[in-house]
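Asker: Can you read through this structure? Questions will come right after.
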Amino acid sequence: MSEMDEDAVLSDVEGEEETYQEGGGEDEKVDNNAVACFIEQPFAHLTYLQWLSVAVNRLTGLDGLVGPALESLNLSGNSIERVNGLQSGCFANLVTLELRGNRLDTTDGINLPNLQRLYLAQNSIKRLEGLGRLERLTTLHLRDNQLDTLDGLSSNMKCLQYLNVRGNVIIEENALQCLGLVSKTLRALVISENPLVETTDYRLSVLMLLPYLERLDKDPVSPEERADAQERIKVKLNFNSFCDM
Numbered sequence: 271m272s273e274m275d276e277d278a279v280l281s282d283v284e285g286e287e288e289t290y291q292e293g294g295g296e297d298e299k300v301d302n303n304a305v306a307c308f309i310e311q312p313f314a315h316l317t318y319l320q321w322l323s324v325a326v327n328r329l330t331g332l333d334g335l336v337g338p339a340l341e342s343l344n345l346s347g348n349s350i351e352r353v354n355g356l357q358s359g360c361f362a363n364l365v366t367l368e369l370r371g372n373r374l375d376t377t378d379g380i381n382l383p384n385l386q387r388l389y390l391a392q393n394s395i396k397r398l399e400g401l402g403r404l405e406r407l408t409t410l411h412l413r414d415n416q417l418d419t420l421d422g423l424s425s426n427m428k429c430l431q432y433l434n435v436r437g438n439v440i441i442e443e444n445a446l447q448c449l450g451l452v453s454k455t456l457r458a459l460v461i462s463e464n465p466l467v468e469t470t471d472y473r474l475s476v477l478m479l480l481p482y483l484e485r486l487d488k489d490p491v492s493p494e495e496r497a498d499a500q501e502r503i504k505v506k507l508n509f510n511s512f513c514d515m
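Reminder that position 98 of the sequence shown reads as 368 in my numbering, one-by-one numbering, no gaps.
Now the structure itself:
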């Protein structure tokens with residue numbers, strides 16, 4: 271796990287969310303203004319712009335924004351409902367995208383194969399869609415949304431290391447099954463403040479799906495927990511084999 275992603279894990283555990291930016295290149299910050307659209311905005315077509323923050327404005331869409339050199343884009347705290355304008359041809363170098371605190375109800379529309387970090391906390395997301403396009407994503411932050419299932423995670427997400435779904439509405443263990451699709455790479459999972467964690471032995475269930483997980487919520491995975499999960503898997507396999515006879 272990269273240093274940035276480890277910091278993201280620690281900041282969430284401590285109850286704080288922080289944004290880390292690395293310097294270099296042309297930067298533009300237009301936060302806390304009354305920007306309602308990108309059309310005819312002077313900063314929307316700056317060829318060499320690498321970091322752009324338009325947080326806490328009045329944006330409802332992304333029409334008019336083109337960023338061939340953009341590496342980091344912060345659109346948090348707006349009123350964006352759809353992100354259909356985020357195509358790889360216009361944002362080929364984008365690696366960090368922040369859309370916290372908007373009005374998204376789906377993850378669909380983000381077609382950015384080079385994206386590495388995606389922050390979608392505090393939206394109204396009910397469906398995970400289109401994530402199979404994000405093959406290089408390492409960090410996916412979905413805290414405080416309305417997810418009741420993790421269906422939509424994809425085996426194409428071959429680099430995912432950190433997933434935060436804290437504060438959603440996941441109730442059933444079956445809703446976690448798609449975690450198995452990212453089991454080879456996922457190292458940290460935050461799932462606290464879901465109804466599931468109050469009613470089941472969720473840690474054991476998660477570790478049966480994610481044998482390489484290193485941290486679950488605030489606590490590292492212990493050797494004893496890992497061994498218990500492996501033993502449970504063996505028992506389950508033996509039982510299934512017996513039933514098939």
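Cβ atoms here follow ideal geometry from the backbone N, Cα and C, with glycine treated the same way.
Is there contact here, the stretch 322 to 342 with the stretch 298 to 306, by at least three beta-carbon pairs under 8 Å?
Answerer: yes
Asker: Considering only residues of the same chain and omitting the five flanking positions on each side of Ile503, which have a CB-CB separation below 6 Å?
Answerer: Met478
Asker: Have a look at Glu442, Arg387 and Asn438 and flag the residue whose alpha-carbon is nearest the alpha-carbon of Val460.
Answerer: Nearest C-alpha to Val460 among Glu442, Arg387 and Asn438: Asn438.
Asker: Measure the Cβ-Cβ separation of Gly379 and Gly400 and say whether it is below 9 Å.
Answerer: It is a contact, given that the beta carbons lie within the stated cut-off.
Asker: On the three-state DSSP scale, how would you describe Leu449?
Answerer: helix
Asker: How long is the line joining the alpha carbons of Cys429 and Arg387, rounded to whole angstroms?
Answerer: The straight-line gap separating the alpha-carbon atoms of Cys429 and Arg387 is approximately 11 Å.
Asker: Identify the residues that DSSP records as bridge partners of Ala458: which are they?
Answerer: Tyr432 and Arg485
Asker: Extract the residue ranges of the alpha helix (DSSP H) inside the stretch 371 to 425, only unbroken runs of 4 or more that lie entirely within it.
Answerer: none
Asker: Comparing alpha-carbon positions, which option in Asn415, Ile441 and Glu443 lies nearest Asn233?
Answerer: Since the displayed the chain opens at 271 and closes at 515, residue 233 lies outside it and no answer follows.
Asker: Closer than 8 Å by C-beta to Pro338: which residues in its own chain qualify, once you throw out the five before and the five after it? Chain order, please.
Answerer: Answer for Pro338: Thr317, Cys360, Phe361, Ala362 and Asn363, listed in chain order.
Asker: Per DSSP, which one or two residues make a beta bridge with Glu523?
Answerer: Because the chain is modelled from 271 through 515, residue 523 falls outside the range shown and cannot be assessed.
Asker: Contact check, Tyr389 vs Arg373 under 8 Å by CB: the rounded distance?
Answerer: That pair is no contact at about 15 Å.
Asker: Closest to Gly355 by CA distance: which of Gly347, Asn344, Leu332 and Asp375 is it?
Answerer: Leu332
Asker: Who are the Cβ neighbours of Glu472 in its own chain at under 6 Å, not counting the five residues just before and after it?
Answerer: Correcting the residue identity first, residue 472 is Tyr in this sequence and not Glu. Leu466, listed in sequence order.
Asker: Roughly how many angstroms lie between the CA atoms of Leu410 and Arg496, to the nearest whole one?
Answerer: Rounded to the nearest angstrom, the two C-alpha atoms are 24 Å apart.
Asker: If you reduce the DSSP assignment to three classes, tell me which class Leu335 lands in.
Answerer: coil
Asker: Asn393 to Arg413, Cα distance in whole Å?
Answerer: Each residue's Cα considered, the two are about 9 Å apart.
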